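J.: I am attaching a structure below and will ask some questions about it afterwards.
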Amino acid sequence: MAIGETPPAAEEERDWSDMTPACLAEAFSRLGLEDLWRGAMACCRSWRDAATSRPALFAALDLEPAFASVGADAAEWWTPAFQRRVDAMLRSASSLAAGELREVRVRHCSDDALAFAAERSPKLSILSIRSSPSVSDRSMLSIASCCRMLTELDISYCHEVSYKSLEMIGQNCPNLIVLKRNIFNWLDSSEHIGIVPDDYLRDCPQDGDREAIAISKFMQNLKHLVIRFSKLSVVGLNAISGGCKELEVLDLYGCANLTLRGIQQATSNMKNLKELEKPNFYIPRSSFHMGRYGHWQLYDERFQTNVFQI
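Every position in the sequence shown, counted from 1, becomes a number in our numbering once 1236 is added.
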């Protein structure tokens, strides 16, 4: 500093505890989910009170990035202890949101926690509960009864959810346009062995056609349908093509009971269809004793057989 210059004023220290709840809540609205829950709300009582004073901060509970960051399922996720942790977050979010919860993306939750959230979330529009072995038709009834604004539903790998839930959701949620109902790869479950319990892998839903018929009757406004590895046959696919005229995306990957010819015939009248994923994948030779041809599309096109229509 040159001689005669005035020294710069010392920066005024800020006491964040003196911020008004409204200012704190506004700052918290810019935080991500983890920073809000594990940072701001865990800091002190005044910060927690400021966060809980604004239910809109809890309008979305999206745990999917955390699950996806692992890259694959973990065995510990399929334990009762982990389910209790997810349930605790789901219950807390639905309570703190005070009726403003609009989006839930979790895994491994239970019937009780999901029903608890449904009863407190009339504005819920997006629900993803994939890989939740304890979720059944019981909590789906609560979703259908309480969450009539639902537009997107993912019940993939939820083996205790049946076609009855699809009927109930379809009848009560007319705005539903996205449905994801994938099941585990029942042709080759090697990637899940040691992670997903064996009895759960064996308990794979068998009523693909019944589910397809329920979708066709009660979910006719669907635009996006993903049913990977479903056991539906051409009967179920014909029902979907006849009932779901608005479909733009149809994912049939792994649906080994379908033939290429059956798919072409069933989808020929689906005028809005923009994306079609066919069951184009490698089937282990041991599954159907197919000899040298293991590729679904090659085998089906070359022989035009109904061997997959089990």
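We treat Cβ as the ideally placed atom computed from N, Cα and C, and that holds for glycine.
In this text the structure is predicted, and so the values were computed from the model without any measurement.
Consult DSSP for Asp1443 and reduce its assignment to one of helix, strand or coil.
T.: Counted from its first residue, the sequence shown places residue 1443 at position 207. Look at Asp1443 here: in three-state DSSP terms it is coil, with no helix or strand label.
J.: On the DSSP bridge list, what partners appear for Ser1398?
T.: By 1-based counting over the sequence shown, the position of residue 1398 is 162. Note: Ser1398 is not bridge-paired with any residue in the DSSP secondary-structure output.
J.: Which of helix, strand or coil does DSSP assign to Lys1453?
T.: Residue mapping note: residue 1453 aligns to position 217 of the sequence shown, counting from 1. Correct three-state label for Lys1453: helix.
J.: Answer yes if the segment 1293-1309 comes into contact with the segment 1416-1424, meaning at least three C-beta pairs across the two stretches below 8 Å, and no otherwise.
T.: No, they do not touch.
J.: State the beta-bridge partners of Glu1339 as determined by DSSP.
T.: Residue 1339 sits at position 103 when you count from the first residue of the sequence shown. Partner(s): Ala1296, Ile1362.
J.: Distance check for Thr1503 and Arg1321, CA to CA, integer angstroms please.
T.: Here residue 1321 corresponds to residue number 85 of the sequence shown, with the count starting at 1. Here residue 1503 corresponds to residue number 267 of the sequence shown, with the count starting at 1. Each residue's alpha carbon lies about 43 Å from the other.
J.: Does DSSP put Glu1427 in a helix, a strand or coil?
T.: What you label residue 1427 is simply residue 191 of the sequence shown in a count that begins at 1. Here Glu1427 sits in coil by DSSP.
J.: Would DSSP call Ser1346 helix, strand or coil?
T.: Sequence index remark: in the sequence shown, residue 1346 carries index 110 (1-based). Ser1346 falls in the strand class under three-state DSSP.
J.: Is it a yes or a no for the segment 1351-1366 touching the segment 1329-1342, going by three-plus beta-carbon pairs under 8 Å?
T.: yes
J.: So is Gly1490 buried or exposed if we call it buried at 16+ other beta carbons inside 10 Å?
T.: The residue labelled residue 1490 in the question sits at position 254 within the sequence shown. Flag for Gly1490 reads buried.
J.: Between the beta-carbon of Cys1383 and the beta-carbon of Ser1368, is there less than 8 Å?
T.: One-based indexing of the sequence shown puts residue 1383 at position 147. One-based indexing of the sequence shown puts residue 1368 at position 132. No, these two residues do not count as a Cβ contact at 8 Å.
J.: Taking all protein chains shown into account, decide if Arg1464 is buried (16 or more other Cβ within 10 angstroms of its Cβ) or exposed.
T.: Here the question's residue 1464 lines up with position 228 in the sequence shown. Arg1464 comes out buried.
J.: With a cut-off of 8 Å on the beta carbons, I'd call Leu1402 and Glu1447 a contact; round off their distance for me.
T.: Mapped onto the sequence shown, residue 1402 falls at position 166. Mapped onto the sequence shown, residue 1447 falls at position 211. The pair is a contact, with the Cβ atoms about 6 Å apart (cut-off 8 Å).
J.: Lys1514 to Asp1487, Cα distance in whole Å?
T.: In the sequence shown, counting from the first residue as 1, residue 1514 sits at position 278. In the sequence shown, counting from the first residue as 1, residue 1487 sits at position 251. Taking the straight line from one Cα to the other gives about 7 Å.
J.: Please state the DSSP three-state secondary structure of Leu1512.
T.: Counted from its first residue, the sequence shown places residue 1512 at position 276. Looking at Leu1512 - three-state DSSP - the assignment turns out to be strand.
J.: Where does Arg1417 fall in DSSP's three states?
T.: In the sequence shown, counting from the first residue as 1, residue 1417 sits at position 181. In this structure, Arg1417 counts as coil in the three-state DSSP scheme.
J.: When you compare the segment 1423-1433 with the segment 1449-1461, are there three or more beta-carbon pairs, one atom per stretch, that lie closer than 8 Å?
T.: No: the two stretches stay apart, fewer than three of their Cβ pairs being nearer than 8 Å.
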